[in-house]
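**Q**
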Amino acid sequence: MSNAASPGLHVPEDEDEIEQLKERWRLRIRTARAQRSARRRDEDARALAEVVVAIPAVDAARCVSLYAARPGEPSTGPLLELLEQRGVRVLLPVLGTGLQRDWADYAGADDLLERAPGRPPEPSGPSLGAQALAEADVVLVPALAVDTDGNRLGQGGGWYDRALAHARPDAAVIALTYADEVHDADVEPIPRAPHDRRVDGVATPTGARWFVRPTAAA
23 MSNAASPGLH
33 VPEDEDEIEQ
43 LKERWRLRIR
53 TARAQRSARR
63 RDEDARALAE
73 VVVAIPAVDA
83 ARCVSLYAAR
93 PGEPSTGPLL
103 ELLEQRGVRV
113 LLPVLGTGLQ
123 RDWADYAGAD
133 DLLERAPGRP
143 PEPSGPSLGA
153 QALAEADVVL
163 VPALAVDTDG
173 NRLGQGGGWY
183 DRALAHARPD
193 AAVIALTYAD
203 EVHDADVEPI
213 PRAPHDRRVD
223 GVATPTGARW
233 FVRPTAAA
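Numbering (the numbering used here), first residue to last: 23 to 240.
Structural data, given as C-alpha cells:
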C-alpha cells in the first residue's frame with residue numbers, strides 16, 4: 023500500500039473540483055508509471071497474470087471480461103494467454119463513437135487490431151453489444167489507482183463507469199493495477215464523483231484483495 027505523500031486529503035463535493043483533483047492524481051501516477059523499466063513491466067505482467075488466475079472467482083469463471091492494455095498500463099498480454107489456455111471465454115471492449123460501449127470475443131493475440139491511434143487493440147470479430155457484459159462472471163477493469171473503499175481512478179473517459187451498468191449483480195468487479203497504487207481510504211482517499219462505480223477488489227503483481235466480497239467470489 024502506498025506511503026507516498028497524498029495529493030490532498032480534502033475531498034471536494036463540487037464536480038469540477040473533483041475532476042481537477044483527479045487530474046492531479048492521474049498526472050502523478052502516469053509520471054511514476056513512465057519510470058518503470060521494460061524488464062520490470064514484463065516481470066509485473068507475468069506476476070499479475072498468475073495472481074489473477076489464482077483468484078477463486080476467476081478460476082471458476084466460464085466467461086471473463088478483460089481488456090488489451092495500452093502502453094503505460096500493467097500489461098494484460100500474459101493474462102489473456104493464460105485465460106485462453108484454460109478455455110475461458112474472454113470478452114474485450116470495442117470502442118465506438120463517443121462513449122459507445124460494445125464487446126467482442128477474444129480470438130488470440132494475432133486477431134487484435136489497433137483501429138485508431140491511442141485506442142487499445144480490439145478483436146476483429148462481430149460486436150456483441152453493450153449487454154454482452156452480463157455474460158461475464160468476472161469483470162476485470164483497468165485502473166490508475168484504487169483505495170480500500172473500492173473507489174477506482176480511471177483514465178478519465180468514463181467508459182467503464184457506464185459499461186458496468188450492464189454487469190450482472192453477482193459478477194465480481196476487480197481492478198488491475200500496481201501494488202503501490204492501492205491506497206488506504208482513511209489516509210489517501212481517491213476523489214469520487216457521484217457517477218463513479220466502485221470495484222469489489224483489486225489484483226496487483228504482488229497479490230489480490232477484496233474490498234466487498236461479491237457472491238461470485240464466495
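Yeah, the Cβ is synthetic: ideal placement off N, Cα and C, and Gly gets one too.
Small disclaimer: the values here were computed from a predicted structure and weren't measured.
Let me know the alpha helix (DSSP H) ranges lying completely inside the segment 136-216, each 4 residues or longer, listed in chain order.
**A** 181-185
**Q** Quick check: the Cα distance between ARG61 and SER97, rounded to an integer number of angstroms?
**A** 12 Å
**Q** First and last residue of the beta strand (DSSP E) that includes ASP132?
**A** Annotation for ASP132: no beta strand (DSSP E) segment contains it, and DSSP assigns it neither H nor E.
**Q** Can you grab the Cα-Cα spacing for the pair GLU70 / ASP38, in whole Å?
**A** It should be pointed out that residue 70 corresponds to Leu in this sequence rather than to Glu. Cα to Cα, the separation comes out at about 34 Å.
**Q** Does VAL221 come out as helix, strand or coil in the three-state DSSP assignment?
**A** coil
**Q** Along the chain, where does the alpha helix (DSSP H) that runs through ASP66 open and close?
**A** 60-75
**Q** Work out the CA separation of ASP171 and ALA126 for me, nearest whole Å.
**A** 31 Å
**Q** Would the beta-carbon of ALA165 fall within 8 Å of that of LEU155?
**A** no
**Q** Within 10 Å of its beta-carbon, does VAL317 have 16 or more other beta-carbons around it, so buried, or fewer, so exposed?
**A** Beyond the ends of the chain as shown, which are 23 and 240, falls residue 317; an answer cannot be given.
**Q** Under the three-state reduction of DSSP, which class applies to VAL80: helix, strand or coil?
**A** Three-state DSSP puts VAL80 in a helix.
**Q** Among all the DSSP beta bridges, which residues are the ones paired with LEU117?
**A** ARG123
**Q** When you compare only the Cα positions, how much space is there between LEU162 and ALA189?
**A** 11 Å
**Q** Measure the Cβ-Cβ separation of LEU134 and ALA79 and say whether it is below 8 Å.
**A** Not a contact, by the Cβ cut-off of 8 Å.
**Q** Using a 10 Å radius around the Cβ and a threshold of 16 neighbouring Cβ atoms, would you call PRO148 buried or exposed?
**A** Classification of PRO148: exposed, given that the 10 Å Cβ count is below 16.
**Q** Leaving out five residues before and five after ALA141 in sequence, what residues of the same chain have Cβ atoms less than 7 Å from its Cβ?
**A** The question names Ala, but residue 141 is Arg in the sequence shown. Contacts found: LEU117.
**Q** Ends of the beta strand (DSSP E) at GLY229?
**A** 229-232
**Q** Can you tell me where the beta strand (DSSP E) with SER242 in it begins and where it stops?
**A** With the chain covering only 23 through 240, there is no way to say anything about residue 242.
**Q** Sort LEU113, LEU43 and ALA193 by Cα distance to PRO145 and report the nearest one.
**A** Check the Cα spacing between PRO145 and each of LEU113, LEU43 and ALA193: the tightest is with LEU113.
**Q** Specify, as a first and last residue, the run of the beta strand (DSSP E) that VAL110 falls within.
**A** Per DSSP, VAL110 belongs to no beta strand (DSSP E) and is neither H nor E.
**Q** For THR228, count the other beta carbons within 10 Å of its own beta carbon; 16 or more makes it buried, fewer makes it exposed. Which is it?
**A** exposed
**Q** Considering only DSSP beta bridges, list what THR226 is partnered with.
**A** GLY229
**Q** Would you mind reading off the limits of the alpha helix (DSSP H) that contains ALA54?
**A** 37-55
**Q** Would you check if there are 3 or more beta carbon pairs closer than 8 Å linking the segment 213-228 to the segment 188-202?
**A** yes
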